[in-house]
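Residues in the sequence shown are numbered consecutively from 3, following the numbering used here. For every residue, glycine included, the Cβ atom is placed at its ideal position computed from N, Cα and C. Because the structure is a prediction, the values reported are computed rather than measured. Reviewing the structure listed below.
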Amino acid sequence: MIVPDKEQFLRQAEGGALVPVFREFYADLETPVSAYLKISARFPTDHFLLESVEGGEKWARYSFIGFDPHLQFRADAKGISVRKGGETRTVPVAGDPLRALEGILKEIRYRPSARLPRLSGGAVGYIGYDYVRFLEKVGG
């Protein structure tokens, strides 16, 4: 069964909100890595697998697989670029690029589902070492 049904989806998506659509199924013979490999074959770019640490009491039972992102945010010395809907917009940024990301994320309306784990939808990514320059004064 696909959740939500069409009527629920249309109601929740009013005004452009992002609504998770999912289906539960048994995967006794799948591992997170085998599922990820199947997804990465179908979506050759922009995918990830995050595994939680074994022995972690809160998160160890989850593996997160993501693909086909709604939005991509990148920052470098030239500025920030935002890719959404196949279009990329690049603008110069003064100061901390994460403040610009906060503004972008505030515009996204996401309707979480009580039937999904806590981290099912949201921002996922990494911050490079050079970001330390926004946090403290470093030499060089």
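Comparing C-alpha positions only, which one of L103, R120, Q74 sits nearest to G87?
Comparing Cα-Cα distances from G87 to each of L103, R120, Q74, the minimum goes to Q74.
For the alpha helix (DSSP H) that contains F50, what are its first and last residues?
Looking at the DSSP string, F50 is not in any alpha helix (DSSP H); the run it does join, the beta strand (DSSP E), is 49 to 53.
Figure out for me which residue from H72, P99, M3 has the closest Cα to the Cα of G18.
When only C-alpha atoms are compared, the closest one is H72.
Measure the alpha-carbon distance for I4 versus G105 and round it to whole angstroms.
Those two C-alpha atoms are separated by around 32 Å.
Pick out whichever of A79, V55, D48 has its Cα sitting closest to the Cα of V163.
Given a span of 3 to 142 for the chain in the structure shown, any question on residue 163 remains unanswerable.
Measuring straight from C-alpha to C-alpha, what distance separates V93 and I82?
Computed Cα separation, rounded: 6 Å.
Does the separation of the CB atoms of L52 and F66 fall below 7 Å?
For L52 and F66, yes; Cβs fall inside 7 Å.
Judging by CA-CA distance, which residue of A102, Y64, R117, G123 is the nearest neighbour of A77?
Nearest of A102, Y64, R117, G123 to A77, Cα basis: A102.
Under a Cβ-count criterion, where at least 16 other Cβ atoms within 10 Å of its own Cβ denotes burial, should Y131 be classed as buried or exposed?
Result: exposed.
When DSSP builds the beta bridges, which residues end up paired with Q74?
Its beta-bridge partners are R85.
Counting only runs that start and end within the region 98 to 140, where is the alpha helix (DSSP H) found for 4 or more residues in a row?
Listed in chain order, the complete alpha helix (DSSP H) runs (minimum 4 residues) inside the region 98 to 140 are 99 to 108, 134 to 137.
Leaving out five residues before and five after D48 in sequence, what residues of the same chain have Cβ atoms less than 6 Å from its Cβ?
Taken in chain order, the residues that qualify are P71.
Residues bridged to R91 by DSSP?
R91 pairs with V84.
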